[in-house]
Every structure is written in C-alpha cells, then in structure tokens.
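Heads up, the thing below is written out as structure tokens.
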Amino acid sequence: MFNIASKDKQLDRTTVSSVFYKLGQKEKKEKTRISELLVDFHENGLLLTILFFAIPVAIPLPYPPGFTTIVGIPLMILSMQMLLGFRQVSLPSKINNYQISNDILINISDKVVPKIKFVEKYIRPRFSFAASIYCEQFIGLISLICSIAISIPLPLTNAVPAQGITIMALGLLNRDGLTIVLGFITSIVGLIIAFIAISASWISIKYLFNLFF
Numbered sequence: 661m662f663n664i665a666s667k668d669k670q671l672d673r674t675t676v677s678s679v680f681y682k683l684g685q686k687e688k689k690e691k692t693r694i695s696e697l698l699v700d701f702h703e704n705g706l707l708l709t710i711l712f713f714a715i716p717v718a719i720p721l722p723y724p725p726g727f728t729t730i731v732g733i734p735l736m737i738l739s740m741q742m743l744l745g746f747r748q749v750s751l752p753s754k755i756n757n758y759q760i761s762n763d764i765l766i767n768i769s770d771k772v773v774p775k776i777k778f779v780e781k782y783i784r785p786r787f788s789f790a791a792s793i794y795c796e797q798f799i800g801l802i803s804l805i806c807s808i809a810i811s812i813p814l815p816l817t818n819a820v821p822a823q824g825i826t827i828m829a830l831g832l833l834n835r836d837g838l839t840i841v842l843g844f845i846t847s848i849v850g851l852i853i854a855f856i857a858i859s860a861s862w863i864s865i866k867y868l869f870n871l872f873f
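Using the working numbering, the first residue of the sequence shown is number 661, and each one after it goes up by one.
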C-alpha cells in the first residue's frame, strides 16, 4: 500500500529553486506520476516533498474546484510523518500512481522558480534551534493543522496556511530560524483567517436553514 520514495536530509549542494527548475524541463503534453517526482526529490527529502504540494496553493495558481482538498490529503500525511519524526516519505500507492500533466508542472516551475530564487538570496543558517528535531516536529504539527485548513473547500482557507507551510519548510531546509519564525506567524494568521471563514460559513448555513425550514 505504501511506497517509500525519498530520504529526509538537509539540502546541501542542491538549491530548492534548481529542483523546481527541473520540473519545467519535462516534455510538454506528457504526464508524470507522483512516484516519479519523488524519485527526483530523493536527495532532498521530506520537506521538499511538502513544498511541492504546498507551493501551488501558496502562489496561488489557477486550479479546478476541489484541487485544494486533493493537495491537502498528502500534505496531512507528510506533516504527520514529520511530526512523528519519520526520515522517509511514504505515500499511499493511489497517490503515488496519480499522474500530473507536465504542462501543470511547467507552469508551477515558471511561477515558482523566480520567487524561490529571490527568497534564497536572504535565507542563511541562523539561530541554533532551527537544527533541532523538536523544531522539526513542531513545524510538522503546525503544518498538519494548516493542511486541514487547506483541504477545506472554502474561500480564504487555503492560500495563507499554504504560504505558512512553504516559508517554514524553506526555513527548515536551510536551517534559518528567522524564516521559520516568519513562517509560523504566517501560519497563525492563515489559521485565524480560516477560522473566521469557516465560522462565517457555518453561521450563514444555520441562518438559511432557520429561514427556510
């Protein structure tokens, strides 16, 4: 049921932007399995896989209805693995076998690479807590909560939590404590916005139900 796809290790020789740049070099009008992408991520680990699923929502890119729910499920699985201290990426075979159009991957690459390159100019190792396993597990917990918000198909519940996950993952990959803190703050803001949106939707549903029934 589960296929092990990658090992978790800090990026050293390879930058995040260069990995996403490779996505844009794939053949157009073809499709790529998730499992094949995870092989490309083999050197770069669990966090890079989380980035792959979070970034399309964080930008955000145009996507069909229900896309955030589809992305949110693997994000929840991966975040749980980080929380539990896993060192390998494991996804259900149904997700591993899912095929993504290369045109979508190229679009992601074109949109994402310039932004990541800009961020990489300012990211550097700082603050020792960023290298702690407890920091990684804490980020896993926050990412899990954000992933739940991302999977809810409501306006305003998706982009900011995904941005928080993205920033925290970039910070942890580069052992940058300041970036991790910024990502945590973004995540909290996103969760507050999501809570307000969900509460407003629930109040509206109750009002309409009482109005007509």
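All residues carry an ideal CB built from backbone N, CA and C; glycine is no exception. It should be emphasised that the depicted structure is a prediction, and the values quoted were computed from it without experimental measurement.
Cβ neighbour criterion (16 or more within 10 Å) applied to residue i
i: Val773; result: buried
i: Thr729; result: exposed
i: Glu606; result: Past the boundaries of the shown model lies residue 606; the chain is included only from 661 to 873, so the question cannot be answered.
i: Phe855; result: exposed
i: Leu744; result: exposed
i: Lys686; result: buried
i: Ser859; result: exposed
i: Leu801; result: exposed
i: Gly705; result: buried
i: Asn818; result: buried
i: Arg747; result: exposed
i: Pro716; result: buried
Proximity winner among the options, relative to residue i (alpha-carbon distances)
i: Ser847; options: Ala822, Thr692, Glu796; result: Ala822
i: Asn762; options: Leu683, Phe855, Ser861; result: Leu683
i: Val749; options: Gln759, Phe712, Glu780; result: Phe712
i: Met828; options: Tyr681, Lys754, Ala791; result: Ala791
i: Ser803; options: Leu851, Ile719, Arg835, Val679; result: Leu851
i: Thr692; options: Asp836, Ile760, Ile805; result: Ile760
i: Ser695; options: Thr839, Ile755, Tyr723; result: Ile755
i: Lys688; options: Asp700, Thr709, Ile764; result: Ile764
Start-to-end residues for the alpha helix (DSSP H) that takes in residue i
i: Thr729; result: 727-743
i: Thr709; result: 705-718
i: Thr839; result: 837-872
i: Tyr681; result: 676-683
i: Ile805; result: 793-811
Boundaries (first-last residue) of the beta strand (DSSP E) holding residue i
i: Thr826; result: Looking at the DSSP string, Thr826 is not in any beta strand (DSSP E); the run it does join, the alpha helix (DSSP H), is 819-833.
i: Asp691; result: Note that residue 691 corresponds to Lys in the displayed sequence, not to Asp. 691-693 is the extent of the beta strand (DSSP E) around Lys691.
Exercise for the section: Jot down the residue ranges of each uninterrupted beta strand (DSSP E) in the region 751-790, minimum 3 residues, whole runs only, in chain order. Expected result: 759-761
Exercise for the section: State whether the region 811-826 contacts the region 781-797, with contact taken as three or more CB pairs (one from each stretch) at a distance under 8 Å. Expected result: no
Exercise for the section: Count the CB pairs spanning the region 821-835 and the region 862-871 that are closer than 8 Å, and state whether there are at least three. Expected result: With a cut-off of 8 Å, the region 862-871 and the region 821-835 do not count as touching, because too few Cβ pairs lie within range.
Exercise for the section: Specify whether the region 734-747 and the region 765-780 touch according to this definition: at least 3 beta carbon pairs, one from each stretch, less than 8 Å apart. Expected result: no
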